[in-house]
Every structure is written in C-alpha cells, then in structure tokens.
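Below is one structure, written out as structure tokens, with a few remarks after it.
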Amino acid sequence: MADPLEEYRRKRDAARTPEPVPRRAPPRRQLADGTARFVIQQHHARSLHWDLRLEHEGVLASWAVPRGLPRDTGRNHLAVHTEDHPMEYLDFHGEIPAGEYGGGRMTVHDRGTYRCEKWRDDEVVVVLDGERTSGRYVLFATGGRSGRDWMVRRTDPPPEGWTGMPELVRPMRPTPATKLPADEARWGYELRWDGVRAVAYVSGGRLRLLAEDDEDVSGAYPWLRELAEELAPTEVVLDGVLVRIDTAGRVRPARGGRRTPDAQYLIFDLLWMEGVTSVDVPYAQRRELLDGLALAGGHWQTPPWFPGAGREALRTGREQGLPGVVAKRLDSVYEPGRRSRHWLSIDASRDTS
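Laid out in structure tokens, this is it:
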C-alpha cells in the first residue's frame, strides 16, 4: 500500500524543521458524529498564504490558498493542491527555518470540524464548522497537467448583512474655508497633509491602491504591501494620503518608487471592514473603528484627530509647519466622490478665528 506521507517526508529534514515528521501515518479514524477535523494555517512563507487541511483517510489533504477562503459567493480563489500532511499538523505552529521547504512563520488561523458531501479526485465539497470559518465550500481541479491547480468557491450565502468589498469608492473631498466653524464642538479636526490621496483595498493579505483618478498605483508603492500582510486576514477599505516626512519634519507628497525611510501612508478613514460598509456611519464612529485597528507600522500610521478642538489642531499644525487642518462634522457620513461642506479645509495662513 502506497505511503501517503512519502512526498511530505521527502521534502523535509526532521533534524532541521520543527514540523512533525512521523515515520508512518496513523490509522484512519472518524469522529463519532461522522464529521472530521480541519485546520486553516496562516503561513508567512515566501509570500503570505493560508493552508487549508482536511482530515481524510488518516492524513490531512492540503491546499495552499493565496488569498484565503472567499467570504462571499461569486468569486473563486486559487487553491494549490499540495502534498498530504500528517495528522499532527492539526496543532502545528512555529517558525520553519529559512532555507527549508516552506520556510517562514506558521500560525493556526482556525480549526474545527467539517462534514463531507463529496470527495472525488477532482472535486471536494465540504461544510466547515470552525471557530472563525463556517460555510459550504467546493474545491475543484481546473485541469492543469500537474494536478495541483484547483480553485475554491463558497456556495452558500454569506452571513446575514454581509456585503462584498466594493470595487471602487472615490474619495470624499473637503470644501475650502477661511476659518474654523463657529460651532466648533460639533466637528472633529485632522491635520492637513498635502500628499497623494489614495484608497487602499486590503483583502487576503493583498493590497490594491487606487489614486483619486481611479488609477491603480499599487505597483508604484511596493513598500506598502506589508500593510496588507500585517492586517491579514482582516479585510478593509481605507482612505489616506501618501507622504514623505524628512528628518526636519518637512512633509512632501510620496510620488512612488522604492521604499524610503521617510515614506508614510497616513490613514484617516475607514470605509468598509469585514463585510460591513461604514460610509453611512457618522464620522466620529468611523474614527473610533479606525483607531480600534491600531494601524501603526514602519510606513503607515493613523494620525491623531481632535474632536471639538479646532484651535488646538490648528496650533499643532502651525507648530509642525503643516498647511492647515481639515474639519469634519462629527455626524457626517462619507460621501464618495463629492466635495462636501461637511468637510472643510482651513489654511493655517488664512484662518482669522
């Protein structure tokens, strides 16, 4: 009888990797209720991906899914069929040494049980019941010669209230103003950063970055890809501005190109997160949601905002040599593509309040 773990062992050196490398596969088993176990692992290898492993005939049938399992119907995700893994891998997490097969950090993203509806050499249909993942999924081969080329698709409806990530949300723009609003307490205030406005679409650890003219500029800012990997598996749409802040504190637009120490993506709004749109949520609540993500990395951050404190914000902007502030009504919704008087841009040099 063929050894289902032969390829797995051939690719690994038990003396060098912390992964389990058993001498033989354990006998087949099944839970009392007819279900089997699964695990989804987040794998920071050469490129970030997720590994789906399904208990089947004494081993874990495995697929590498670069963008993770789709959350809603209507889209297929690539799923590369890899070698069977030992059952001990259900609980494995750790650092696979660089230079070894699959080198990188492995963490358990989800685990649970599944019910199998169909299992053929070219198609697998399962209903997952995990701590974070549930739903009916079909994995199907696409006919590649290697037999490794598969896709995965969710076939049952997503949870009630779920909305798919929007393809395009055009930035809302402020109206120029000469002074702070008279009803100062009803507004929130942000420092104004002159840079390249860009909306970030983060899904499956990947980034799509669109400029104000809808141009995809993802390739121009490769240093921002780490933001998407850091957020994974969280899916969000963010609004912000790309700047360069030099050692003297001077701010300039970040025009793209190679990573530089002073490059920053300053994030000031949250437009969609985990299946829920937030464009119709008041600005004050959007900022609370955004702050809750605690986005802070080497090249991205969420700058502070000043609820009801316009004069303080304006003074801070002047001290930092910034051109002014943007006032946003605390109860204002996000108006995609519009210039709105619910947002006001006040130049520090022109304010007469």
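In our numbering, the protein residues as written are 21 to 373. Glycine included, C-beta positions come from ideal geometry on N, C-alpha and C. Keep in mind that this is a model prediction, so the values were computed, not measured.
Run the CB neighbour count on Gly-215, radius 10 Å, all protein chains shown included, and call it buried at 16 or more, exposed below. buried
Could you give the uninterrupted runs of the beta strand (DSSP E) lying entirely in the stretch 139–217, keeping only those of 3 residues or more? 143–150, 154–161, 169–174, 193–197, 207–211
My output table needs one value for Asp-33: the three-state DSSP class, helix, strand or coil. coil
Pull up the distance between the alpha-carbon of Val-128 and that of Gly-88, whole angstroms please. 13 Å
I'd like to check one pair, Asp-104 with Val-79: are the Cβ atoms closer than 7 Å? yes
Looking only at DSSP bridge pairs, what is Arg-335 linked to? Bridge partners of Arg-335: none, in fact.
Please go through the stretch 60–91 and give each complete beta strand (DSSP E) segment of 3 or more residues, from N-terminal end onward. 68–76, 79–85
Report buried or exposed for Ser-298, applying the criterion of at least 16 other Cβ atoms within 10 angstroms of its Cβ. buried
If contact is defined by three or more beta carbon pairs under 8 Å, each pair taking one atom from either stretch, is the stretch 122–136 in contact with the stretch 59–68? yes
By alpha-carbon positions, which one of Glu-27, Tyr-157, Ala-197 ends up nearest to Leu-72? Tyr-157
Assign Trp-182 to one of two classes, buried (16 or more other C-beta atoms within 10 Å of its C-beta) or exposed (fewer than that). exposed
Determine which residues share a DSSP beta bridge with Gly-317 and list them. Trp-320
Have a look at His-101 and Ala-283 and give me their C-alpha separation to the nearest angstrom. 38 Å
Rounded separation between Met-192 and Gly-318 - CA only: 27 Å
When burial is assigned at 16 or more other CB atoms within 10 Å of the CB, is Thr-372 buried or exposed? Note on Thr-372: pLDDT 48, under 50, position unreliable in the model; no value is reported.
Pro-253 burial status per 10 Å Cβ neighbour count (16 or more: buried): buried
Using the rule of at least 16 other Cβ atoms within 10 Å of the residue's Cβ for burial, across every protein chain shown, is Val-144 buried or exposed? buried
One or two residues paired with Gly-221 in a DSSP bridge: With the sequence shown as reference, residue 221 is identified as Tyr, and Gly is not the correct amino acid for it. Bridge partners of Tyr-221: Arg-228, Val-257.
Check this for me: beta carbons of Pro-178 and Asp-92, under 7 Å apart or not? yes
Using C-beta distances below 7 Å, list every residue in its chain close to Ser-360, excluding the 5 sequence neighbours before and after it, in chain order. Met-192, Thr-195
Tell me, which residues are paired with Asp-367 by DSSP? Gly-344
For the beta strand (DSSP E) that contains Ala-283, what are its first and last residues? 283–293
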